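Visitor: Mapped onto numbering that gives the first Met the number 0, the consecutive letters of the sequence shown carry residue numbers 0 to 161. Beta carbons are placed, not taken as given, at the ideal position from N, Cα and C, and that holds for glycine. All values derive from a computational prediction rather than experimental measurement.
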Amino acid sequence: MTERPANERVTLTSAGRLHLQEEGGRLEARLNELRELLEDARADRTADDDERAAALGLLDEHARAEARLAEVRALIEMSADGPPVATDVAGVGTRIRVREVDGAEEEFILVSAAEASAADGRVSVNSPIGQALVGKRPGERASVAAPSGAWEIEIVSIEAAG
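Rendered as structure tokens:
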């Protein structure tokens, strides 16, 4: 791997790196399937309009999969392992439980922007809530300044995300 300056590197958690590697494997397998389907479509000189339209759909899917695979590979190549995760302060790789003013609690994992996924509860340290939490400790309050408005949260607990 080519070394990149620190300011060009993306910090990944071990789980984030594994997720990207698995996604890359799935994409490579799908690209192989698509290549075979496209070869079959090219070989079929009797294809009707519907079959040709399906082949165009396969070409589109192939192009999207290749682009995503290139993106995944680039992320892995320019990534660096995060520092050891501290369990007393919020940062990349920590699982954080917060309490909102109404008493509702929410839990998520702070990650780099490359790993962020709201559906998986993985919040970027660059997001408004991530920026508010980085460096905070359990018992402290954080003010989140988001485009939708500002609000306060309290850090209930912090632990290393597995």
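Between G134, V133, E153, which lies nearest to R98 when the distance is taken from Cα to Cα?
Guide: Position 99 of the sequence shown holds residue 98. The shortest Cα separation from R98 among G134, V133, E153 belongs to E153.
Visitor: Report all residues from its chain with a CB closer than 6 Å to the CB of E139; omit the five preceding and five following residues, and keep chain order.
Guide: Against the sequence shown, residue 139 aligns to sequence position 140. Excluding positions up to five away in sequence, the list reads I154.
Visitor: Is R72 helix, strand or coil by DSSP?
Guide: Position 73 of the sequence shown, counted from the first residue, corresponds to residue 72. Three-state DSSP puts R72 in a helix.
Visitor: Could you give the distance in angstroms between the alpha-carbon of H61 and the alpha-carbon of G134?
Guide: As a position in the sequence shown, residue 61 is number 62, starting the count at 1. As a position in the sequence shown, residue 134 is number 135, starting the count at 1. CA-CA distance, H61 to G134, rounds to 43 Å.
Visitor: Which of the three DSSP states, helix, strand or coil, is assigned to P22?
Guide: Position 23 of the sequence shown holds residue 22. According to the sequence shown, residue 22 is Glu rather than Pro. E22: helix per DSSP, three-state reduction.
Visitor: Using the C-alpha atoms, what's the distance from A89 back to A159?
Guide: Start at 1 with the first residue of the sequence shown, and residue 159 comes out as number 160. Start at 1 with the first residue of the sequence shown, and residue 89 comes out as number 90. The alpha-carbon atoms of A159 and A89 are separated by roughly 9 Å.
Visitor: Taking just the CA atoms, how far does L11 sit from D80?
Guide: If you number the sequence shown from 1, residue 80 lands on position 81. If you number the sequence shown from 1, residue 11 lands on position 12. Their backbone Cα atoms lie some 5 Å apart in a straight line.
Visitor: Does DSSP put E139 in a helix, in a strand, or in coil?
Guide: By one-based count along the sequence shown, residue 139 stands at place 140. In this structure, E139 counts as coil in the three-state DSSP scheme.
Visitor: Out of curiosity, what's the CA-to-CA distance linking L57 and D101?
Guide: Along the sequence shown, one-based indexing puts residue 57 at 58. Along the sequence shown, one-based indexing puts residue 101 at 102. Cα to Cα, the separation comes out at about 49 Å.
Visitor: Could you check the C-alpha separation between S147 and E27 for me, to the nearest Å?
Guide: The residue given as residue 147 occupies position 148 in the sequence shown. The residue given as residue 27 occupies position 28 in the sequence shown. If you take the alpha carbons of S147 and E27, they lie about 40 Å apart.
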